[in-house]
Structures are given as C-alpha cells and as structure tokens.
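> First residue of the sequence shown: 70, per our numbering; consecutive thereafter.
Here it is, the structure, as structure tokens.
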Amino acid sequence: MYKKPTTRTNYIFWFIDVFKQPLSVYATRGNLTTIYVVFQYLILTLYAIMALISVTILIPVYYYGTDTSWNSSYLTNWSLLSIAHLENNSIMLLIPITIICVFTYYAMFIYEQFTIIYAFFRQKCMKRVIPENYVVLLQNLPIDIDTKEKLENVLSNISGGIKQIVPIPRQSQKLSQHLDKLKRHLANLKTAQFMMDDFKANEEYRSAILNNIPQNQYVQRLIATQKAEKMQTKEMNQLKKLDNSIIKIRELYFDIVKIQVQDNIEIDHLSSIVTIPPSLPDIIMPAFDYLKDQTQMVPNVRYPSSKYLYNIEQLHIQQQQSVIQQCTKQIENHPIGRAAFLICESQSVAAEKYTTLITQNSLHPQAMLAPNSREIVWHNVATDNKKRKLAIFWYYFWLIILFIAYLYGQTQLNKQLIDTSTYLYKQIFDALNFSNCVFGRIQSSNLCSMLDSFAHFLPTFINSFINAFLMALLPQFLKLIVKLQRYPSISQANDKLFNLNFTFLIFILGIIQVAVPNLVNRSNGVIDFTFFEDFSITSLFEDLGKNIINLQFTFITYIITNYFTSPAFSLLNIYYLLSATIYRLGLTNYLEYNVKLRFITFNFPKQLAYLAHMLVLGYIFAIVSPITNVIIFITYIMMVTIDRYVILYVRIPDVSADLSAQSNMLVNVIGAIFIGLFFMLFSTCCYFFVQQSDLSYFGIVICIASLIYAITKKISVDKAFKRALTEMTRGKYDETVGVKLNPAHIDSIYTEDDNYLSRYDLNNEEQRKRIFADIPSIVKKAGRARKHGILEVSSMYVEEQAAPLVVDEIKDIKSCVRQSVFDRLLKHVYIDLTDLPVSTIRFDDIQDDEGERVCTLLQPEHIRTVGFGPDCQLDLVLNQINLLNDSSEQVFQSSRAPKASRIQNQTCLFEEKLSQSDFKNVAAHYTHPSLQLALNGQKIINQ
70 MYKKPTTRTN YIFWFIDVFK QPLSVYATRG NLTTIYVVFQ YLILTLYAIM
120 ALISVTILIP VYYYGTDTSW NSSYLTNWSL LSIAHLENNS IMLLIPITII
170 CVFTYYAMFI YEQFTIIYAF FRQKCMKRVI PENYVVLLQN LPIDIDTKEK
220 LENVLSNISG GIKQIVPIPR QSQKLSQHLD KLKRHLANLK TAQFMMDDFK
270 ANEEYRSAIL NNIPQNQYVQ RLIATQKAEK MQTKEMNQLK KLDNSIIKIR
320 ELYFDIVKIQ VQDNIEIDHL SSIVTIPPSL PDIIMPAFDY LKDQTQMVPN
370 VRYPSSKYLY NIEQLHIQQQ QSVIQQCTKQ IENHPIGRAA FLICESQSVA
420 AEKYTTLITQ NSLHPQAMLA PNSREIVWHN VATDNKKRKL AIFWYYFWLI
470 ILFIAYLYGQ TQLNKQLIDT STYLYKQIFD ALNFSNCVFG RIQSSNLCSM
520 LDSFAHFLPT FINSFINAFL MALLPQFLKL IVKLQRYPSI SQANDKLFNL
570 NFTFLIFILG IIQVAVPNLV NRSNGVIDFT FFEDFSITSL FEDLGKNIIN
620 LQFTFITYII TNYFTSPAFS LLNIYYLLSA TIYRLGLTNY LEYNVKLRFI
670 TFNFPKQLAY LAHMLVLGYI FAIVSPITNV IIFITYIMMV TIDRYVILYV
720 RIPDVSADLS AQSNMLVNVI GAIFIGLFFM LFSTCCYFFV QQSDLSYFGI
770 VICIASLIYA ITKKISVDKA FKRALTEMTR GKYDETVGVK LNPAHIDSIY
820 TEDDNYLSRY DLNNEEQRKR IFADIPSIVK KAGRARKHGI LEVSSMYVEE
870 QAAPLVVDEI KDIKSCVRQS VFDRLLKHVY IDLTDLPVST IRFDDIQDDE
920 GERVCTLLQP EHIRTVGFGP DCQLDLVLNQ INLLNDSSEQ VFQSSRAPKA
970 SRIQNQTCLF EEKLSQSDFK NVAAHYTHPS LQLALNGQKI INQ
C-alpha cells in the first residue's frame, strides 16, 4: 500500500499530485484501474474541448445573439445562456447547427479511439502468463454428460492441447456450504487461540501482582484472588469453545472427504504441490479411514465426532496407504457437475477451444475463458439450468418491485417537499433574518436579496439532496438483486450491476423527467397509463422540445448536489466509518470484523455508472444549454481527482478486481458515449421541431444526418473490433496505427514537429554526428544525466563511447523530449500504447527491501512461491517488469514514482507453454477450495 504524500507541497496540493502519477502507479492497483484511468483521460479531453467551444462560441452567441425584444416572462439568468435566447429564425442558429456537426464528429472520434485502446489493452491482458488465460470454462453441460469419461468422449475430437480436465464436483453446493462453515470456524478458532494467549499473559500478570501484595493486606489479596479466579473461569470457558471449534472443524473435514470419496473426485494434482503434502501426516491418518458399509458400527472415541468409522480392526492396514489412493480406488467412473474447467497448454490453445463449437447447441455447453480463481463464486458455478431459470424469474420479479417502489417513494417525497416548499422558504427566511428584511417583497438591500435567494434555494437543494441520497442507496439494493442471477464469477456480476445502475439512472433521472414527464402521476407516484391514449411521436417531440429549456436548472442543481458534492463526502470515508460501527456492534469475532472492513474496496460498477450517467445527461443539454458543458467539465475534474485519491490511498481496489476475460464493463461504458450523442441529437431536434422555422428545419436535417453518420460509424467500429473485445488475436501483428491519441512511436511516421530527434536521419553519418554532439543537452532535458553519465564530457568522447547507447536508447530518449507547443500542452493526455502498463504481479507481493520479488501468478492463495511453481526462476518475474528509471527509483516501493517509470509492456509470449508441474498448479487453482483445505489437514487439526 502506498504511503500518503511525503513532501509538504504534494500533501497540500494532493489534487494535483494524483494527476501527476503515471499509469504505472495505477497499474499496481490492477488492470481495471489502469483502463479506468485511461477512460477518465479521454472523457476529460472530450469535455474539455466541448467546454472550450461552449465558453468561446456558444455562450457568447446565445447571450448576445438576440437583436429584438422578446417575451420577458421566461427571462432568467439561465435562459440568457441558452438557445432560447436566440430569436426564432435568427441567422445565429447556423452556429449551433455547425457545432452539432463538430460535437458529433468529435464524440465518434473518442468512441473509436477508446475502442481501439481498450481492444489493444485487453489483448495484452489476455496474453499474460496467468492461470485464467490457460483455462476454459464449460457451463451448462447437457444432463446426459454426468461423468468425466463422457465429457472426455465429447471433447475427443478437439482434445489436442487440452492437458487436464477439472470438472466441478456433483455436490458442489454442499462443498461450498461446508467451505463457508469451515472458514467461519477457522476464524473462531484463531480468535480463541489469540484470546488464550491473552489469558495466559494476564494470568502471569495477576500472579505477579498477587505475589507482591503483603500477607497482612487481606482485602487487597482477596480482590486480586477473585480477579485471578474470574480470569481462570474465562480461560476455561474459552478452552471449551476452542475444543468445540476443533470438533466442528473435524466434522466438516470428514464431510468433505466423504463427498470426495462418494463422487471419486480426482485430486492427484493437489498431492504434487510442494506446499500441500502429497500424503497426510500419520497423526491424522486414522481420520481418513474409509471402508465399505458394515453391519457393525463403532464410534470413533479418539476423535470425538458425530461421524462413525467402519471396521476398526483393519485400521493399521489402512494407515500405511496413501489417502488419495484409498479414496480413488472405490469407483470406476467419476461423476461430475454441470460445469468443468479445461486446462490448456497455451493461451493460443485456450482461445481456440472456447471459440470452437463443441455441440450443435452453443449454450449446452457454453464455453468461455475462465475467470480469475479468486473471482469464482463456487455456489453458482455448478447451478443447473432449472435453478438458473427460476433465479431469472425471481430476478425480474424483484427488479420490477424495486423500480415501482423507488419511483413511488421518490415521487411521494418530492410531492411532500413541493407542498411544504413555501412553508420552508418562509421559515428559513425568518430564521436567518437579522436585518429586518420583509418576506414576500422585492428586496432593496443586497443583504436581504442574498437572504431571499438563499432561503428560496435551500428547499430546492433539500429536494435534490434527497434524490441524491436515494440514488446512493440504489446500488446497494441492486447488488442484492444481481445475486439472484447466480453468476459464476464476480466480474459477470459487476458487469450486470453496472448495466442495472446505468439503466435505472437513465430511465428514472433521464427519460421520465426529461422526455416523458407526464408518464408518472405527480400526485401519487403511480404510472399514468392514460398517457398512452394520447401518445404520439409528435406529442413526444413537442413535450421534449418545450421542457428541455425549463429543465436545465433542475439538471444543473442535480449535478451540483449529487455529482459535485457527494465525491467530497467520500474523502471523509463516512461509509467506512458507518460500516465499521455496524460490524463492531454485530460481530464478536474481530478477525471476521477485519476481513469485512478489508473488503470495502473501490466500487467500479457504481462509479462507472455515475460517470456514464452524467455523460449521457450532459449531452442532452450540450447544444441547447452549453453552460452545462462547463459545469460538467468542472464536476468531472472533481470526481476524477477524488476517485484517483480514493483508489491510491483510501479504498484500495481488490486484487481480484482485474480485467479478466469475462469482464465487459468497459465495453458498455464505451457505448455510453454513443447513447449520450444520440440523446443530444434527439433533444436538439425536438427543440428545432417546436420552433418551426426555416433554419429550424435545416437544423433537423443536420441532426438526422449527424445521427446517420454516428450510427454508420458505430456499426463500422463495432464490426471491426467486436471479436477483439471478446477473443484473443493469435497473430504477431497488433494494429495500433489507427490510434490518433497515441504519440508516434515508430520512427518512420515521425514528422519534424513531433519530436526534436526526428529531424535527423540515423542512417546519415553527418546527422549522426550532430545527434551525438547534442546528446548532453538532450539528456539534460530528459532528466537522464545520471543514467547515461555523459553530461560533462566532450562531444568527441560522446561520439566514440555513446554511439551504441544512442542507437539502443533513441526511442526512450525521444519519448521524453517533446519540443512542440502542442506536445507541451497535451503531454499529460498522451496515451502511448507501447508504454501502456499491464499489471502482472500483485503490488502487495513486491518485497524490494529484501531483494525478493514474490509472484503468485499460478499458485493458490495460500501458496506463495516464485512464478508458477518451485522450478520457476526469478528471470521470469524480471521479464514481466522493467523499471526504466534508476534502480533507486522503484515504482512499487515509492509513492512518488517518476513519470519515466513504467511497468514493461513486453509480457511473456502468449505461445509460452507450461510444464507439467505448471499444469498441476493451474489445476489446483480451479479445484474446489474445500478440497484444498481438506487435504491440508495438518494445518486444520493443529490449529
């Protein structure tokens, strides 16, 4: 975990410091964080251009564009800055019509660029040497495929490259229940052990106090003796709890092994891992004796349990056999559940398998790349089709109930506030009236005018604050509903949670309030179905065209109260404090309490839904009320700054929140750009439709033409990169030429204005000499004097000694020297795909102080070795990470990493094949965790 800013300047100006951090720092928080920061860069760039055009062109035109008198009934400060201030059929309408084309082109440009960047980054993630890129998940296996042998027969024609099949156990639900209980009892056991240690220390302390009390002080000795007896009583009670926990753990242990024996689950791959003993110690071997049913049942007295062992006479014979051999020799077939994992020899083979049609029905089975093993929800991964359909029914049922309840409750609260707004207005005015101001009249003094404005604004602010509070509660309810879908991985659940959040916000706080405000009866909060009797496309255009100007103040108030102020409250970490208080009151196990608090991490689905929602709503008013572009740009800066601070220092994203193959949340976020553009064109078209003038009709034509262009562009981009967003490219060529936001990183495409060093031809001897002569100044500008050590030497020496260095380091140097004015202005916005960092190692596993780099790439959570297994060398890890700066400037150790420090983008080759030990380590990742704990019996029993 990074430390807080150490220097006084960085501590004071932390909101600037988080923007100065390179992408490599955010890459240590996971790949999802990296691409999230890149998305923030693009959105800030998009709205920076829109805000600049609004301030310099649209707002002055709207403010000074009228040259005739007009109806003053709608004369407000906001109307002066909107398109409504232009007179009908004014020639000035040509300016916003032109800006429509500019905004459309620029929005689709950002849409295309982010799609290419995300596809490129996703491809790099899919080619990493990590377990999930070698594993294919098969779900919804047909009912008749109920054994491993039948599954192998189905896959026989495409079995090339598949090294191992790890099916989900048939009784996976029971194993998951046992696993939850086992973890809970283990936590209680560890807590009891800690308390026993405390009791022993207190007992020694009490005994020392008692010995120091003189014999004649009877009262003091009596008090000390009573306290010691109470402590001994607590110790005995805690010891009983400790024994009970051991008994319950052993019972669960027996149940897990019994299921393993009944279903003949193969666990040979677990025995070969170094940190899990291949055979259990003799001290617990008797607990695994298993024989066929006998008529005589003898209780196991040595190991108190509700279970019974059979045929105790053959106990000494069974102790000498391996547990795994004894457990797997009973049944010839291997019953399996409705899912299985296929371990492949390379990423390329895995990509081939999950894109291959296995049966005629692509849903039975359904193939996909496996999620991260830490993201698997073992309760859901083996859910059959009937239970899944029933879960979908309940999912939509509760979703409809939530929508009705949310809409009804919000409407009723708003109605009550509107009814009492006048009363609140007067009460606030009277409470703050210290200057004898008169309520209900035009205020003559400035102080009274300010008081009147504040008292009038506060009820509106309260209304918006309640709406924001309800919106903050919405993700918590949606999170509970999403669990009904029984998604097998956390990534899929987060994707669905983002879609639900975004849909609810757009539908309730977008479509209903802006497009069809008459759909809901404001008096009772119920949908008015009589609205559809008189509904028509013409009425929709008219209602939206009339309401769009009037709703700008409501929208701006909503943006300020929710998206501008609520991020500031996140700095206070109120949610963490409330959660800590609730957990402290409800949990007696302090280890479980710490685990609960640790899982309060950065909420990507919620924040992405908020960003996308504000993007879409902002586009609605982009042309008709350009002042909203400026407000949204400022709000975006506020949100982005706080999000980055929270990611780095407050709520660190979980290491499992990686950009796995099943995560498509960012694809939906990309679509929000097009949705916002569509709403902008539609709302502007509706406004022009209401005006009914020649220029307005021309504006409608431009809006339709822009929409056609946007749809055509979207279809073209989606068609080109659709498969790249879900599948892996298996060729050696990565297309990055189409990225306009990427600084030129290929020598041949540099121009004279791009970089100082590109003015020279390295193949020309004379120009090479000029380069060598200029190297000291170049190195000084680039901040690399210490690295090259050639600042204070002559040009002749530089030419002789540094020539090989320049040839090798030319790209690295020129990437740090940007001489053009445009480069200087946009150097923080550049997204160089060649340097886009990909996180391959957990940030909390880096130990630079001890000279070690611990990697958990292909190991279970409790196995901590380097690389894939015991045979992995340190070179593999060093090839994953390249620190481009001095050795003293460590990206993972220092919170103030230099900009030049990045994680190397050259990951291991995706054709890298795993060894046999690696396959077993990967298989251990995707074996049910309860079986891993069951085999690690020494640890369980001894605890």
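Note that CB positions come from ideal geometry on N, CA and C, so glycine has one too.
Given the structure is predicted, the values throughout are model-derived calculations rather than measurements.
Measuring alpha carbon to alpha carbon, tell me which of Ser762, Ile739 and Ser984 ends up nearest Ile104.
Nearest of Ser762, Ile739 and Ser984 to Ile104, Cα basis: Ile739.
> Among Phe82, Met119 and Ile412, which residue has its Cα nearest to the Cα of Lys232?
Of the candidates Phe82, Met119 and Ile412, the one whose C-alpha sits nearest the C-alpha of Lys232 is Ile412.
> Can you tell me whether Asn306 is buried or exposed? The criterion is at least 16 other CB atoms within 10 Å of its CB, across all chains shown.
Per the 10 Å Cβ criterion, exposed.
> Roughly how many whole angstroms lie between the Cα atoms of Phe508 and Asp499?
The alpha-carbon atoms of Phe508 and Asp499 are separated by roughly 8 Å.
> Suppose the cutoff is 6 Å on Cβ atoms and the five residues either side in sequence are ignored; what does the same chain contact list for Leu1013 look like?
Given that the chain is displayed from residue 70 to residue 1012, the structure contains no residue 1013 and the question cannot be resolved.
> Considering only the alpha carbon of each residue, which of Phe178, Ala541, Thr97 and His433 lies closest to Tyr632?
Per the Cα distances, Ala541.
> Can you give me the C-alpha to C-alpha distance between Ile318 and His254, rounded to a whole angstrom?
If I take the Cα positions, the gap works out to 7 Å.
> Please list the terminal residues of the continuous alpha helix (DSSP H) segment that includes Val171.
Where Val171 is concerned, the enclosing alpha helix (DSSP H) stretches over Leu163 to Met195.
> Determine the burial state of Met519: buried for a count of at least 16 other Cβ atoms within 10 Å of its Cβ, exposed for fewer.
Classification of Met519: exposed, given that the 10 Å Cβ count is below 16.
> When DSSP builds the beta bridges, which residues end up paired with Ile234?
Answer is Leu411.
> Which one of Tyr705, Lys782 and Tyr322 has the shortest CA to CA distance from Ala117?
With distances taken between Cα atoms, Ala117 lies closest to Tyr705.
> CB Asn570 to CB Leu547, shorter than 9 Å?
Their beta carbons are under 9 Å apart, which means Asn570 touches Leu547 by this criterion.
> Quick one: measure Cβ to Cβ for Ala451 and Arg407, integer angstroms, because I've assumed they're closer than 8 Å.
Confirmed, about 5 Å.
> Rounded to the nearest angstrom, how far is the Cβ of Leu773 from that of Ile179, given a contact under 8 Å?
A small correction: the amino acid at residue 773 is Ile; Leu does not occupy that position in the sequence shown. Going by Cβ atoms, the distance from Ile773 to Ile179 rounds to 22 Å, so no, they are not a contact pair.
> Give me whichever residues DSSP pairs with Ile445 in a beta bridge.
BP columns for Ile445 point to Ser558.
> According to the Cβ coordinates, are Val715 and Phe673 closer than 9 Å?
Their beta carbons are not under 9 Å apart, which means Val715 does not touch Phe673 by this criterion.
> Between which residues of its own chain and Leu426 is the CB-CB distance below 7 Å, once the five residues before and five after are set aside?
For Leu426, where only same-chain residues beyond five positions count, there are no Cβ hits under 7 Å.
> Can you give the Cα-Cα distance for Val991 and Glu218, rounded to whole angstroms?
Going from the Cα of Val991 to the Cα of Glu218 covers about 21 Å.
> Excluding five sequence neighbours on each side, which residues of the same chain lie with their C-beta closer than 6 Å to the C-beta of Leu539?
These residues qualify, in order along the chain: Gln479.
> Here's a check: name, in chain order, each residue in its chain whose Cβ is nearer than 6 Å to the Cβ of Ile334, leaving out the five neighbours to either side.
Excluding sequence neighbours, Ile334 sits near Pro238.
> Just the C-alpha distance for Pro544 and His403, rounded to the nearest angstrom, thanks.
Cα to Cα, Pro544 sits roughly 42 Å from His403.
> May I have the straight-line CA-CA distance separating Pro346 from Tyr322, to the nearest angstrom?
Confidence is the limiting factor: at Pro346 the pLDDT is only 31, short of 50, which leaves the residue's position unreliable, though a coordinate-based value still follows. Distance between the alpha carbons of Pro346 and Tyr322 is about 16 Å.
> Considering only the beta carbon of each residue, do Val693 and Thr753 sit closer than 9 Å?
In contact: Val693 and Thr753 (Cβ atoms closer than 9 Å).
> When you compare each of Phe534, Ile405, Asp612 and Lys565 to Ile625 by their alpha carbons, which one comes out closest?
Per the Cα distances, Phe534.
> Just verifying my parser: in three-state terms, what is the DSSP assignment at Leu438?
Correct three-state label for Leu438: strand.
> Leaving out the 5 sequence neighbours to the left and right, which residues in its chain are closer than 8 Å to Ala793 when beta-carbon positions are compared?
Excluding residues within five positions, the ones whose Cβ falls inside 8 Å are Ala188, Arg191 and Gln192.
> Is the beta carbon of Tyr131 closer than 9 Å to that of Leu149?
The answer is yes: Cβ separation under 9 Å.
> Quick check: the Cα distance between Lys484 and Leu574, rounded to an integer number of angstroms?
When rounded, the distance between both Cα atoms is 20 Å.
> Under the three-state reduction of DSSP, which class applies to Thr781: helix, strand or coil?
Three-state DSSP puts Thr781 in a helix.
> Can you look up Gln208 in the DSSP assignment and give me helix, strand or coil?
Here Gln208 sits in strand by DSSP.
> Which one of Phe576, Arg555 and Ile628 has the shortest CA to CA distance from Ala537?
It is Ile628 whose Cα lies nearest to the Cα of Ala537.
> Would you call the region 550-569 and the region 446-461 touching, i.e. three or more CB-CB distances under 8 Å?
Contact between the region 550-569 and the region 446-461 is present, because at least three Cβ pairs lie under 8 Å.
> Against chain C, does Ala120 count as a neighbour if the rule is that its beta carbon must be under 9 Å from one of theirs?
Absent from the structure: chain C. Only one protein chain is present.
> Within its chain, find whatever has a CB closer than 8 Å to the CB of Tyr565; leave out the 5 residues flanking it on each side and keep chain order.
The question names Tyr, but residue 565 is Lys in the sequence shown. Val551, Gln554 and Tyr556.
> Going by CA-CA distance only, name the one from Phe622, Asp727, Thr798 and Phe610 that's closest to Ile769.
Measuring from the Cα of Ile769, the nearest candidate turns out to be Phe610.
> Kindly provide the ranges of any beta strand (DSSP E) runs that are 3 or more residues long and lie completely inside the region 493-556, ordered along the chain.
Runs of the beta strand (DSSP E) inside the region 493-556: none found.
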